[in-house]
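If you read the protein sequences in the order shown, they are chains S and V.
The first sequence runs 0 to 374 under numbering that gives the first Met the number 0.
The second sequence runs 0 to 300 under numbering that gives the first Met the number 0.
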Amino acid sequence: MKLTRIGVLILVLLTTLFYLGAGNAVFASDTIKIGLAGPFSGDLAPYGIPPKDTVRLAAEVLNRSGGLLGKQVQILAEDDQCKAGTATNVASKLVGEGVIAVIGHICSGATIAAMSVYRAVKIPVISPSATNPSLTLENKNPNFFRTIPHDAAQANLQVDFITRHLKAKKVAIVHDKGDYGKGLATLVAEGLKQKKVEIVIFEGITPGAVDYSALIRKVKHANPDVVAFGGYHPEGSKIVTQARKRNIKASFISGDGLKDPSFIKIGRKFVEGYYVSSPADISKVEISREITRILKSKNQKAGNFGLQAHAAVTAIFNAVKKTNSTDPEKLQKALRSEKIDTTLGMISFDKNGDILGSGFSMYQVRDGQFVPVKW
Amino acid sequence: MDLYFLELFFSGLTRGGIYTLIALGYTMVYGIIGLINFAHGEIYMIAAFIGLTFAGIFSILQFSLISILLIAVFFAMLFSAAYGYTIEKTAYKPLRQASRLAPLISAIGMSIFLREYVILAQTPDFLAFPMLFGDLELPEFMMDFIQPTETIIILVSFFLVGILLLFIKHTKTGKAMRAISQDREMAMLLGVNSDKIISFTFMVGSLLAAFGAILISAHIGQINYNIGFIIGIKAFTAAVLGGIGSIPGAALGGLTLGLIESFATGYISSDYEDVFAFGILVLILIFKPAGFLGKKEHKKV
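This is the structure in structure tokens:
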């Protein structure tokens, strides 16, 4: 039977390949393995692919100059599709392969699920993108770090700015009822209440409504020092335009949903003076410019989290170099103590594993530009 | 009556005026051929884009603000009348003998088509619309509760309702429109050119939408492809509230809706603005199914 013979041949070939693969793994004690997990296929792939590209790029560059501890660095990328179930499997697989650290995961939900696996083996995990506050703030993941500020950081910055810089006593909060806008507005409101600032209005609007004049009149009546808006730029510019026309003198403040050039384009003179919190501008950091340039020549993009992932893997490399070891607890300690020069500028991690040195900063619209505010 | 009440009253009146301007188009078309023209909101949106284009051209040519406003209104009306005419001829006329559902679906299709067309041919982004009213001033005591542009919107919408009523009552075309709305076949037998009158109705409805589009866009200051959607739904609601098919009804419905929304926002919370607006719509329709001024349809045996 010809078919059987072909079948046997294939089986033999496959077995050989399998052994070769296993042989490779044995060999690989000569390489240092770093895991990378995120969505590389499916709807959310645009969030996972740029980190994969930048992390591989960083490893390539490092290997060309001799690698780590005299060994080559190998990046093991595993697709978790941002699904919690897949993420734990991926995590077990990476741990089984003997990775010394993991970059990822990308989505908060997947990361929370995967941490249950990594926590037991204590290897450091650095996510470039998981922003859910509970990952760092609930003290259960001592081996978790992230190179992106968590969701509450932006709200905290706004609260600080409103109370310390603008010295507001009365604040009106408006949001667009969406996940982002209302979420941010709620965090800001809670923060302000703790600082004993009076919240005179907390209301949602319908995006796309014809005009907001009734709400504007209500705001004017309440006479707040600051109006905080949670949402995106079209509504933001509409509200501030109508408010300024009605002679409301209060300062306006919003999150990164408004930091878009078209906010100024459609808001014109009415958005002058508007305060916006937004991730710090890293386009002027030399390393990130260099990385972006190389990616461009390969037809790749830094995407939303590529540069954060590059910073994360740089932090791992640095920790291994400083401690001269791959021991998980030593690496954790080094990550907490070292200052590292990365694509995000000089960064370090606080005791919870949250990033220091790269976070949100305040901008203000001045003469049709977003200008950083010194305060 | 305190000042706050007055402020809310006038902001409701402004919204009501805006709804009325758009509701007139819905109610006229429905009155004549019993069709809900869902593409009406998109005519409004396209008129705003056309107005923006011409305002752009003529502000480069250094025309004064008021002449730019008039030119923008003129061209927006011209083009949107053409759009209204074409839409009627392509999407509704071939279906005039079909079941009532067919033109309804065709209307929704036309509305989606026009929106996508603007996304592709123009832009999906928001655009700034020039503040064509400039810095008009009102006496000090009025500025507290109403703005110049709002006054203009309210006055214009009342003015247009009046003109339209006079037109329908006293001209020959108006008489023909009334005849068709009562009984199209009979009117045709008596020599009324119904196709012509229906096209005319669509054109008038589109003219009014265009007028509204320029006023409102110049008041709000921004437009995109989606501005016709919510305003279209609200204006349609206003038309139903007032009794669809009735012109004073459109004005009454528009003002009621605007005032309810404004007071709901002012005294309760803007979170519940739509809840109140549509809750009251349901209530009114339970007790007066034909709306405020709508005529009950008697089934002819």
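Beta carbons are placed, not taken as given, at the ideal position from N, Cα and C, and that holds for glycine.
Query, Result
"On a Cα-Cα basis, can you pick out the residue from S:Leu191, S:Ala221, S:Pro206, S:Arg243 that is closest to valine 199 of chain S?", "S:Ala221"
"By the three-class DSSP mapping on this structure, what secondary structure does glycine 41 of chain S have?", "coil"
"Can you tell me where the beta strand (DSSP E) with methionine 114 of chain S in it begins and where it stops?", "Methionine 114 of chain S -> not in any beta strand (DSSP E); alpha helix (DSSP H) instead, spanning 107–120."
"For a cutoff of 8 Å on Cβ pairs, would you count alanine 213 of chain S as touching chain V?", "yes"
"Any idea what DSSP makes of tyrosine 224 of chain V, helix, strand or coil?", "coil"
"Could one say the Cβ of serine 261 of chain S lies closer than 8 Å to chain V's Cβ atoms, at least one of them?", "yes"
"When the cut-off is 8 Å and only beta carbons count, does alanine 212 of chain V lie next to chain S?", "no"
"Specify whether the stretch 184–201 of chain S and the stretch 135–144 of chain S touch according to this definition: at least 3 beta carbon pairs, one from each stretch, less than 8 Å apart.", "no"
"Give the DSSP bridge partners of glutamate 139 of chain V, in chain order.", "For glutamate 139 of chain V, which the question treats as bridged, DSSP gives no partner whatsoever."
"With a CB to CB cut of under 6 Å and the five nearest residues on each side skipped, what residues in its chain are close to glycine 41 of chain S?", "Gln80"
"For methionine 27 of chain V, which three-state DSSP category applies?", "helix"
"Please classify glycine 344 of chain S: does DSSP put it in a helix, a strand, or coil?", "strand"
"Chain V partners of histidine 220 of chain S, CB-CB under 7 Å?", "Tyr3"
"Determine the DSSP secondary structure at alanine 38 of chain V, reduced to helix, strand or coil.", "coil"
"Name, going along the chain, the residues of the stretch 309–340 of chain S whose beta-carbon falls closer than 9 Å to a beta-carbon of chain V.", "none"
"Hey, is arginine 114 of chain V's beta-carbon within less than 8 Å of any beta-carbon in chain S?", "no"
"Less than 8 Å between the CB atoms is what I'm expecting for threonine 26 of chain V and serine 156 of chain V, so what's the real figure, rounded?", "Not confirmed; about 13 Å, so no contact."
"Taking C-beta pairs closer than 9 Å, name the residues in chain V that arginine 288 of chain S reaches, listed in chain order.", "Simply none; closest approach about 27 Å."
"Does the distance from the C-beta atom of serine 269 of chain V to that of glutamate 202 of chain S stay below 8 Å?", "yes"
"Short of 7 Å in beta carbon distance, which residues of its chain neighbour lysine 32 of chain S, apart from the five on each side in sequence? Order them along the chain.", "Gln73, Leu75, Glu96, Gly97, Val98, Ile99"
"Which value, in whole angstroms, describes the spacing of the CA atoms of leucine 7 of chain V and leucine 214 of chain V?", "21 Å"
"Quick one: is the Cβ of alanine 184 of chain S within less than 7 Å of any heavy atom of the ligand MG?", "This structure lacks the ligand MG; in fact it carries no ligand of any kind."
"8 Å is my cut-off, CB to CB: does isoleucine 354 of chain S come that close to chain V?", "no"
"Report the residue from S:Val370, S:Pro123, S:Phe304, S:Leu134 whose alpha carbon sits nearest the alpha carbon of glycine 378 of chain S.", "The structure shown has nothing for residue 378 of chain S, since chain S only spans 0 to 374."
"Counting only beta-carbon atoms, is threonine 150 of chain V nearer than 8 Å to chain S?", "no"
"Given a cut-off of 8 Å, decide if threonine 53 of chain S and histidine 232 of chain S are closer than it, judged by their beta-carbon atoms.", "no"
"Less than 8 Å separating the beta-carbons of glycine 190 of chain S and alanine 154 of chain S?", "yes"
"By a C-beta neighbour count over all protein chains shown, 10 Å radius and 16 as the cutoff for buried, is asparagine 223 of chain V buried or exposed?", "buried"
"Whose C-beta lies closer than 6 Å to the C-beta of phenylalanine 235 of chain V among residues of the same chain, with five residues either side of it excluded?", "Tyr25"
"Would isoleucine 95 of chain V count as contacting chain S if we go by Cβ distances under 8 Å?", "This sequence places arginine at residue 95 of chain V; isoleucine is not what is there. So, not an interface residue."
"Within 10 Å of its beta-carbon, does glycine 304 of chain V have 16 or more other beta-carbons around it, so buried, or fewer, so exposed?", "In the structure as shown, chain V starts at 0 and stops at 300, and residue 304 of chain V therefore has no counterpart that could be examined."
"Using DSSP with H/G/I as helix, E/B as strand and the rest coil, what is histidine 174 of chain S?", "strand"
"What's the call for glycine 367 of chain S, buried or exposed, on a 16-neighbour Cβ count within 10 Å?", "exposed"
"Please tell me whether leucine 126 of chain V has its Cβ less than 8 Å away from any Cβ of chain S.", "yes"
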